[in-house]
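Below: the structure, in C-alpha coordinates.
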Amino acid sequence: MRLYVLILAAALAACAPKAALELQKNGREALAAGNAPLAAGYLEKAVQEHDSGENRALLGDAYFAMKEYDRAFYEYTRAVNRNKNTAYLHYKRGEILFILEKYNEAIMELDEALTQKPLSFARANTLIGLAYAELGNTKQAFFYLNRGIEAQENSTEAYLGRSKAYMKAGSPEQAIVDVTRAIQLDPKNAEAYFQRAQILFAVSKTGDGIKDLETALILDHNMEKAFSEAAWVLSTHPDPYFRDGAKAVIYGRKAYALKPDNENAVRLAAAFAENDQFDKAVSVIDEQISKEKDLVEVDGLRVWKEMYGKGIKYRRDK
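As numbered in mature numbering (1 follows the signal peptide of the UniProt record, and there is no 0), residues -20 to -1, 1 to 298 make up the sequence shown, in order.
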(Lines of atoms letter the chains of each structure in order from A and count residues from 1; the text may use other names and numbers.)
(Lines give C-alpha, C1' and ligand atoms only; values in the text may rest on other atoms or scores of the structure.)
Protein backbone atom coordinates (compact mmCIF):
# COMPACT_ATOMS: atom_id res chain seq x y z
CA MET A 1 0.00 0.00 0.00
CA ARG A 2 2.81 2.40 0.93
CA LEU A 3 4.58 1.73 -2.39
CA TYR A 4 1.34 2.48 -4.26
CA VAL A 5 0.99 5.82 -2.43
CA LEU A 6 4.56 6.79 -3.29
CA ILE A 7 4.07 5.91 -6.95
CA LEU A 8 0.81 7.86 -7.05
CA ALA A 9 2.44 10.89 -5.42
CA ALA A 10 5.28 10.82 -7.94
CA ALA A 11 2.84 10.55 -10.82
CA LEU A 12 0.81 13.48 -9.55
CA ALA A 13 3.95 15.59 -9.11
CA ALA A 14 4.97 14.83 -12.68
CA CYS A 15 1.62 15.93 -14.02
CA ALA A 16 2.06 19.67 -13.99
CA PRO A 17 -1.13 21.71 -14.42
CA LYS A 18 -1.78 22.82 -17.98
CA ALA A 19 -1.62 26.47 -16.93
CA ALA A 20 1.86 25.94 -15.45
CA LEU A 21 3.09 24.30 -18.65
CA GLU A 22 1.80 27.20 -20.73
CA LEU A 23 3.43 29.74 -18.40
CA GLN A 24 6.69 27.79 -18.52
CA LYS A 25 6.56 27.72 -22.33
CA ASN A 26 5.99 31.48 -22.45
CA GLY A 27 8.83 32.01 -19.99
CA ARG A 28 11.23 29.91 -22.06
CA GLU A 29 10.32 31.83 -25.20
CA ALA A 30 10.81 35.18 -23.48
CA LEU A 31 14.22 34.06 -22.19
CA ALA A 32 15.23 32.89 -25.66
CA ALA A 33 14.17 36.28 -27.05
CA GLY A 34 16.31 38.07 -24.47
CA ASN A 35 13.42 39.55 -22.50
CA ALA A 36 14.37 38.42 -19.00
CA PRO A 37 11.87 40.62 -17.07
CA LEU A 38 8.97 39.24 -19.11
CA ALA A 39 10.32 35.71 -18.63
CA ALA A 40 10.53 36.25 -14.88
CA GLY A 41 6.90 37.35 -14.81
CA TYR A 42 5.74 34.18 -16.55
CA LEU A 43 7.99 31.89 -14.52
CA GLU A 44 7.01 33.38 -11.16
CA LYS A 45 3.42 32.48 -12.01
CA ALA A 46 4.54 29.05 -13.24
CA VAL A 47 6.14 28.38 -9.84
CA GLN A 48 2.92 29.42 -8.12
CA GLU A 49 0.98 26.97 -10.28
CA HIS A 50 3.52 24.15 -10.04
CA ASP A 51 6.51 24.45 -7.70
CA SER A 52 8.91 22.17 -9.57
CA GLY A 53 12.69 22.10 -9.78
CA GLU A 54 12.49 22.86 -13.49
CA ASN A 55 10.39 25.97 -12.97
CA ARG A 56 12.63 27.15 -10.14
CA ALA A 57 15.74 26.66 -12.29
CA LEU A 58 14.20 28.58 -15.18
CA LEU A 59 13.19 31.39 -12.84
CA GLY A 60 16.77 31.43 -11.60
CA ASP A 61 17.93 31.81 -15.21
CA ALA A 62 15.62 34.80 -15.66
CA TYR A 63 16.88 36.49 -12.52
CA PHE A 64 20.48 35.73 -13.52
CA ALA A 65 19.92 37.40 -16.89
CA MET A 66 18.55 40.43 -15.01
CA LYS A 67 21.70 40.43 -12.81
CA GLU A 68 19.55 39.88 -9.73
CA TYR A 69 22.08 37.41 -8.41
CA ASP A 70 20.76 36.93 -4.88
CA ARG A 71 17.32 36.02 -6.19
CA ALA A 72 18.82 33.75 -8.84
CA PHE A 73 20.95 31.96 -6.24
CA TYR A 74 17.88 31.41 -4.07
CA GLU A 75 15.94 29.83 -6.94
CA TYR A 76 18.82 27.58 -7.97
CA THR A 77 19.17 26.46 -4.36
CA ARG A 78 15.45 25.68 -4.11
CA ALA A 79 15.78 23.65 -7.31
CA VAL A 80 18.79 21.54 -6.25
CA ASN A 81 16.85 18.91 -4.30
CA ARG A 82 14.06 18.56 -6.84
CA ASN A 83 15.91 18.63 -10.17
CA LYS A 84 17.86 15.85 -11.90
CA ASN A 85 20.24 18.28 -13.60
CA THR A 86 22.06 19.30 -10.41
CA ALA A 87 25.37 19.81 -12.25
CA TYR A 88 23.84 22.82 -14.02
CA LEU A 89 22.55 24.22 -10.73
CA HIS A 90 25.93 23.86 -9.03
CA TYR A 91 27.54 25.53 -12.05
CA LYS A 92 25.15 28.48 -11.94
CA ARG A 93 25.53 28.88 -8.19
CA GLY A 94 29.30 28.80 -8.65
CA GLU A 95 29.10 31.40 -11.39
CA ILE A 96 27.08 33.70 -9.13
CA LEU A 97 29.48 33.23 -6.22
CA PHE A 98 32.37 34.06 -8.57
CA ILE A 99 30.63 37.25 -9.70
CA LEU A 100 30.04 38.17 -6.05
CA GLU A 101 33.77 37.57 -5.38
CA LYS A 102 33.11 34.71 -2.95
CA TYR A 103 35.90 32.74 -4.53
CA ASN A 104 36.34 29.85 -2.10
CA GLU A 105 32.63 29.03 -2.19
CA ALA A 106 32.59 29.45 -5.98
CA ILE A 107 35.41 26.92 -6.36
CA MET A 108 33.46 24.32 -4.36
CA GLU A 109 30.29 24.72 -6.45
CA LEU A 110 32.10 24.78 -9.79
CA ASP A 111 34.20 21.76 -8.85
CA GLU A 112 31.00 19.84 -8.09
CA ALA A 113 29.66 20.70 -11.56
CA LEU A 114 32.92 19.48 -13.11
CA THR A 115 32.82 16.28 -11.08
CA GLN A 116 29.32 15.48 -12.31
CA LYS A 117 29.65 16.59 -15.94
CA PRO A 118 33.21 17.58 -16.91
CA LEU A 119 32.48 17.96 -20.62
CA SER A 120 29.22 19.88 -20.30
CA PHE A 121 30.67 22.49 -17.96
CA ALA A 122 34.22 22.85 -19.24
CA ARG A 123 34.03 26.63 -18.66
CA ALA A 124 34.05 25.88 -14.93
CA ASN A 125 37.78 25.16 -15.31
CA THR A 126 38.35 28.75 -16.41
CA LEU A 127 36.24 30.22 -13.61
CA ILE A 128 37.98 28.08 -10.99
CA GLY A 129 41.34 29.16 -12.40
CA LEU A 130 40.33 32.82 -12.23
CA ALA A 131 39.10 32.33 -8.67
CA TYR A 132 42.41 30.81 -7.63
CA ALA A 133 44.24 33.69 -9.33
CA GLU A 134 42.21 36.18 -7.28
CA LEU A 135 43.06 34.21 -4.14
CA GLY A 136 46.77 34.40 -5.01
CA ASN A 137 47.20 30.67 -5.67
CA THR A 138 48.93 30.89 -9.06
CA LYS A 139 49.86 27.19 -9.14
CA GLN A 140 46.22 26.10 -8.99
CA ALA A 141 45.21 29.00 -11.22
CA PHE A 142 47.50 27.81 -14.03
CA PHE A 143 46.39 24.20 -13.56
CA TYR A 144 42.73 25.02 -14.12
CA LEU A 145 43.26 27.74 -16.73
CA ASN A 146 45.40 25.35 -18.79
CA ARG A 147 42.62 22.77 -18.50
CA GLY A 148 40.15 25.43 -19.59
CA ILE A 149 42.17 26.20 -22.71
CA GLU A 150 42.56 22.49 -23.50
CA ALA A 151 38.80 22.02 -23.20
CA GLN A 152 37.90 25.22 -25.06
CA GLU A 153 40.83 26.09 -27.29
CA ASN A 154 39.00 29.09 -28.77
CA SER A 155 37.92 30.54 -25.43
CA THR A 156 38.76 34.24 -25.23
CA GLU A 157 37.87 34.18 -21.55
CA ALA A 158 40.36 31.40 -20.80
CA TYR A 159 43.24 33.21 -22.50
CA LEU A 160 42.34 36.46 -20.73
CA GLY A 161 42.27 34.58 -17.46
CA ARG A 162 45.67 33.00 -17.98
CA SER A 163 47.04 36.38 -19.04
CA LYS A 164 45.96 37.80 -15.66
CA ALA A 165 47.58 34.87 -13.89
CA TYR A 166 50.85 35.48 -15.75
CA MET A 167 50.80 39.13 -14.64
CA LYS A 168 50.25 38.10 -11.03
CA ALA A 169 53.16 35.68 -11.41
CA GLY A 170 55.39 38.47 -12.75
CA SER A 171 55.55 37.29 -16.37
CA PRO A 172 54.30 40.21 -18.51
CA GLU A 173 55.79 38.77 -21.70
CA GLN A 174 53.66 35.63 -21.41
CA ALA A 175 50.70 37.77 -20.37
CA ILE A 176 51.02 39.76 -23.60
CA VAL A 177 51.08 36.56 -25.66
CA ASP A 178 47.85 35.28 -24.11
CA VAL A 179 45.93 38.54 -24.21
CA THR A 180 46.96 39.03 -27.84
CA ARG A 181 45.66 35.54 -28.60
CA ALA A 182 42.38 36.53 -26.96
CA ILE A 183 42.17 39.58 -29.24
CA GLN A 184 42.86 37.41 -32.29
CA LEU A 185 39.98 35.15 -31.27
CA ASP A 186 37.63 38.07 -30.59
CA PRO A 187 38.81 41.32 -32.21
CA LYS A 188 35.81 43.24 -30.85
CA ASN A 189 36.38 42.34 -27.21
CA ALA A 190 36.83 45.65 -25.39
CA GLU A 191 37.90 43.94 -22.16
CA ALA A 192 40.81 42.27 -23.97
CA TYR A 193 42.12 45.59 -25.28
CA PHE A 194 41.73 47.17 -21.83
CA GLN A 195 43.64 44.30 -20.24
CA ARG A 196 46.44 44.50 -22.79
CA ALA A 197 46.67 48.25 -22.20
CA GLN A 198 47.30 47.63 -18.48
CA ILE A 199 50.11 45.21 -19.30
CA LEU A 200 51.65 47.61 -21.81
CA PHE A 201 51.59 50.42 -19.25
CA ALA A 202 53.28 48.09 -16.75
CA VAL A 203 56.18 47.48 -19.16
CA SER A 204 56.42 51.19 -20.07
CA LYS A 205 54.98 50.86 -23.57
CA THR A 206 52.72 53.84 -22.97
CA GLY A 207 51.96 54.76 -26.56
CA ASP A 208 50.78 51.27 -27.44
CA GLY A 209 48.81 51.13 -24.19
CA ILE A 210 46.97 54.36 -25.02
CA LYS A 211 46.08 52.99 -28.46
CA ASP A 212 44.61 49.86 -26.88
CA LEU A 213 42.67 51.93 -24.33
CA GLU A 214 41.17 54.08 -27.06
CA THR A 215 40.27 50.96 -29.05
CA ALA A 216 38.44 49.66 -25.98
CA LEU A 217 36.52 52.95 -25.76
CA ILE A 218 35.44 52.68 -29.38
CA LEU A 219 34.25 49.11 -28.87
CA ASP A 220 32.43 49.83 -25.60
CA HIS A 221 31.10 53.36 -25.13
CA ASN A 222 30.13 52.62 -21.52
CA MET A 223 33.38 51.10 -20.28
CA GLU A 224 33.83 53.37 -17.28
CA LYS A 225 37.17 51.95 -16.17
CA ALA A 226 38.68 52.54 -19.62
CA PHE A 227 37.50 56.16 -19.78
CA SER A 228 38.80 56.70 -16.24
CA GLU A 229 42.20 55.18 -17.00
CA ALA A 230 42.53 57.14 -20.25
CA ALA A 231 41.76 60.41 -18.46
CA TRP A 232 44.35 59.64 -15.78
CA VAL A 233 47.14 58.64 -18.17
CA LEU A 234 46.60 61.59 -20.52
CA SER A 235 46.51 64.12 -17.68
CA THR A 236 49.18 62.89 -15.25
CA HIS A 237 51.88 61.03 -17.22
CA PRO A 238 55.35 62.47 -16.46
CA ASP A 239 56.28 62.56 -20.15
CA PRO A 240 54.59 65.54 -21.87
CA TYR A 241 54.60 63.59 -25.14
CA PHE A 242 51.77 61.42 -23.82
CA ARG A 243 49.70 64.14 -22.12
CA ASP A 244 46.64 65.63 -23.79
CA GLY A 245 44.50 67.79 -21.51
CA ALA A 246 41.65 68.30 -23.96
CA LYS A 247 41.20 64.57 -24.55
CA ALA A 248 41.64 63.86 -20.85
CA VAL A 249 38.73 66.18 -20.03
CA ILE A 250 36.46 64.41 -22.53
CA TYR A 251 37.35 61.00 -21.14
CA GLY A 252 37.18 62.20 -17.54
CA ARG A 253 33.71 63.69 -18.01
CA LYS A 254 32.45 60.42 -19.47
CA ALA A 255 33.95 58.32 -16.65
CA TYR A 256 32.45 60.61 -14.01
CA ALA A 257 29.06 60.54 -15.71
CA LEU A 258 29.12 56.75 -15.71
CA LYS A 259 30.36 56.47 -12.11
CA PRO A 260 30.46 59.68 -10.05
CA ASP A 261 32.71 58.38 -7.27
CA ASN A 262 35.73 59.96 -5.58
CA GLU A 263 38.28 58.34 -7.87
CA ASN A 264 36.63 59.61 -11.02
CA ALA A 265 36.15 63.06 -9.47
CA VAL A 266 39.89 63.21 -8.76
CA ARG A 267 40.70 62.05 -12.28
CA LEU A 268 38.36 64.55 -13.90
CA ALA A 269 39.88 67.30 -11.75
CA ALA A 270 43.36 66.21 -12.87
CA ALA A 271 42.21 66.45 -16.48
CA PHE A 272 40.84 69.97 -15.95
CA ALA A 273 44.11 70.99 -14.29
CA GLU A 274 46.16 69.58 -17.17
CA ASN A 275 43.94 71.63 -19.49
CA ASP A 276 44.68 74.75 -17.36
CA GLN A 277 41.10 74.88 -16.05
CA PHE A 278 41.96 74.99 -12.36
CA ASP A 279 38.66 76.61 -11.34
CA LYS A 280 36.78 73.65 -12.79
CA ALA A 281 39.19 71.23 -11.12
CA VAL A 282 38.46 72.82 -7.73
CA SER A 283 34.72 72.88 -8.47
CA VAL A 284 34.63 69.14 -9.20
CA ILE A 285 36.41 68.37 -5.93
CA ASP A 286 34.13 70.75 -4.00
CA GLU A 287 31.06 69.01 -5.42
CA GLN A 288 32.44 65.63 -4.39
CA ILE A 289 33.27 66.85 -0.88
CA SER A 290 29.68 68.05 -0.46
CA LYS A 291 28.43 64.51 -1.16
CA GLU A 292 31.04 62.60 0.85
CA LYS A 293 30.17 61.55 4.42
CA ASP A 294 33.40 59.72 5.25
CA LEU A 295 35.68 62.26 6.98
CA VAL A 296 38.84 60.40 5.97
CA GLU A 297 37.78 60.56 2.32
CA VAL A 298 36.92 64.26 2.74
CA ASP A 299 40.42 64.96 4.06
CA GLY A 300 41.89 63.20 1.04
CA LEU A 301 39.76 65.23 -1.36
CA ARG A 302 40.81 68.46 0.36
CA VAL A 303 44.46 67.67 -0.42
CA TRP A 304 43.58 67.63 -4.13
CA LYS A 305 41.54 70.82 -3.78
CA GLU A 306 44.44 72.63 -2.13
CA MET A 307 46.86 71.52 -4.85
CA TYR A 308 44.62 72.65 -7.70
CA GLY A 309 43.76 75.84 -5.83
CA LYS A 310 47.47 76.68 -5.98
CA GLY A 311 47.58 75.96 -9.73
CA ILE A 312 49.70 72.82 -9.35
CA LYS A 313 49.31 69.94 -11.80
CA TYR A 314 49.68 66.38 -10.57
CA ARG A 315 52.34 64.11 -12.08
CA ARG A 316 52.72 60.38 -11.57
CA ASP A 317 56.14 58.81 -11.00
CA LYS A 318 55.88 56.84 -14.25
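All C-beta atoms in this analysis are idealised placements derived from N, C-alpha and C, irrespective of residue type, glycine included.
- Looking at I76, E34, G74, I79, the one whose alpha-carbon comes closest to that of R58 is E34.
- Counting other Cβ atoms within 10 Å of its Cβ, R296 stays below 16 and is therefore classed as exposed.
- Collapsing the DSSP output to three states places S263 in a helix.
- Residue state for G14 is assigned as coil, using DSSP reduced to three classes.
- Remark: three or more beta-carbon pairs, one from each stretch, lie closer than 8 angstroms, so the region 140 to 153 and the region 107 to 126 are flagged as touching.
- When DSSP states are grouped into helix, strand and coil, Y294 belongs to the coil group.
- Per DSSP, E48 lies in no alpha helix (DSSP H) segment and is marked neither H nor E.
- Between the alpha carbons of L238 and A249 lies a distance of about 16 angstroms.
- If only complete runs of 4 or more residues are kept, the region 112 to 153 shows the alpha helix (DSSP H) at 118 to 131, 136 to 148, in order along the chain.
- Distances from the CA of A253 to each of K293, L281, Q268, I265 were compared; the closest alpha carbon is that of K293.
- Between A245 and Q268, the C-beta spacing is below 8 angstroms.
- For L39, same chain residues with a beta-carbon under 7 angstroms away, outside a window of 5 residues either side, are A20, L23, E24, V27, E55 in chain order.
- Counting other Cβ atoms within 10 Å of its Cβ, L77 reaches 16 or more and is therefore classed as buried.
- Note that the region 102 to 115 touches the region 81 to 91; at least 3 beta-carbon pairs, one per stretch, sit closer than 8 angstroms.
- N169 sits buried, since 16 or more C-beta atoms from the chains shown fall within 10 Å of its C-beta.
- Collapsing the DSSP output to three states places V183 in coil.
- A residue is called buried once 16 or more other Cβ atoms fall within 10 Å of its Cβ, and Q164, having fewer, is exposed.
- Contact between T136 and A162 holds: their C-beta atoms lie close to 5 angstroms from each other, under 8 angstroms.
- Counted as a single uninterrupted DSSP element, the alpha helix (DSSP H) harbouring R233 occupies residues 225 to 238.
- Here DSSP, grouped into helix, strand and coil, assigns H201 to coil.
- Contact between L180 and G189 holds, with the beta-carbon distance rounding to 4 angstroms and staying under 8 angstroms.
- No Cβ-Cβ contact shorter than 8 angstroms links A16 with A52.
- Less than 8 angstroms divides the Cβ of S208 from the Cβ of A235.
- In this model, L275 and V264 are separated by some 18 angstroms (Cα to Cα).
- With respect to E171, L140 sits close: the two C-beta atoms are nearer than 8 angstroms.
- Boundaries of the alpha helix (DSSP H) harbouring F252: 242 to 254, taken from the DSSP string.
- Shown here for E2: not one same chain residue has a beta carbon closer than 7 angstroms to its own, the five before and five after excluded.
- Relative to the Cα of K82, the nearest Cα in the group P98, K97, S100, Y112 belongs to Y112.
- Shown here, H30 sits in coil according to DSSP, grouped into three states, outside any helix or strand.
- CA-to-CA, the gap between K5 and L281 works out to about 54 angstroms.
- Assigned with DSSP and collapsed to three states, L80 falls in coil, not helix or strand.
- The alpha-carbon of F44 is positioned some 10 angstroms away from that of A37.
- Ranking R73, Q96, L94 by CA distance to the CA of E85 puts R73 first.
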